[in-house]
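Structure, as structure tokens:
In this note's numbering, the protein residues as written are -5 to 282.
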């Protein structure tokens, strides 16, 4: 009997020292254990509050580092446009939206302009039908929405998350998209949004002498010598239409190019940026 009691005592100590498994049992056998409720609540709260990276940072630098939105001067990655465009939600108009701004506002769901007041930076009829006139009005003002009205009644365009700066480089972004109301906006139908395909590269070709270009052939406007002609070929840089169509225009419009009645570009209200060449590096700042 004494030997049996001693074995029971040793078994009890063994279970007391053993660590519990994730299934609520001793890690060395099948004997169940009881967790303290306070400990369980603490771990559950931590699991809900922090992801794997945040938990690691918290262990290395303490919880105060998690409360700092710019630890060590480094901004956190909270840009909504690191993914493709939102296709299953529409943004609500803002109180100060004009009728024209309210028309394009729903397209901006999930973009940096979703809750930003818009202004008409460029209008071809007002500012001139040339690439130079366009860049003079939109360069350095950030993300922009190009809206085109064709002679056939379509309203088409594109969203450029990176904006234009006119330095001859390509603007890469997976969040760029094209859109169209093939039958115009009077039908009160929702527009079709066509996301960037083939990766982020060549979302917009930002060459001041070449007009507006979403991809090498997605949507081209203000083409030198053909400023009132819009060209479009979908499938390589931007997705095709839901029915497999390869252009944004109204039914019956010339597939080689649609005649354009007006071109507009809307940007967020703000001062824009300055770009200065420092050696071989372009540096940016906020306009005074």
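In this text, a Cβ means the ideal position worked out from N, Cα and C, and glycines have one as well. Predicted, not measured: the structure shown is a model, and the values here were computed from it.
At a Cβ-Cβ threshold of 8 Å, residue 253 and residue 223 count as neighbours. For residue 162 against residue 201, the beta-carbon gap comes to about 5 Å, under 8 Å, which counts as contact. Residue 95 holds the alpha-carbon nearest to the alpha-carbon of residue 263 among 95, 50 and 76. In this chain, the beta strand (DSSP E) harbouring residue 115 covers 112 to 117. The DSSP-derived three-state label of residue 165 is strand. Nearest in C-alpha terms to residue 209, of all of 220, 151 and 99, is 151.
Between residue 169 and residue 229, the C-beta spacing is not below 8 Å. In this structure residue 187 is buried. Its beta-carbon is surrounded by 16 or more other beta-carbon atoms within 10 angstroms. Cβ contact annotation for residue 166 (same chain, cutoff 6 Å, sequence separation greater than five): 194, 195 and 197, in chain order.
Ranked by Cα distance from residue 244, the first of 144, 191 and 205 is 144. When DSSP states are grouped into helix, strand and coil, residue 234 belongs to the coil group. Sorting 146, 189, 199 and 241 by C-alpha distance to the C-alpha of residue 179 places 146 at the top. Of the other Cβ atoms in all chains shown, fewer than 16 fall within 10 Å of the Cβ of residue 238; this residue is therefore exposed.
In the same chain as residue 101, and ignoring 5 residues on each side of it, the C-beta atoms closer than 6 Å to its own belong to 173, in chain order. By the Cβ-count criterion, residue 98 is buried, with 16 or more other Cβ atoms from all chains shown falling within 10 Å of its own Cβ. Put simply, of 121, 225 and 192 the residue whose alpha carbon is nearest the alpha carbon of residue 249 is 225.
Residues of the same chain with a CB within less than 7 Å of the CB of residue 119, apart from the 5 flanking positions on each side, are 256 in chain order. Straight through space, the alpha carbons of residue 176 and residue 116 are spaced by roughly 23 Å. In this structure, residue 211 keeps its C-beta atom at 8 Å or more from the C-beta atom of residue 125. If one requires a minimum length of 3 residues, the beta strand (DSSP E) runs lying completely within the region 165 to 203 are 171 to 175 and 186 to 189, in chain order.
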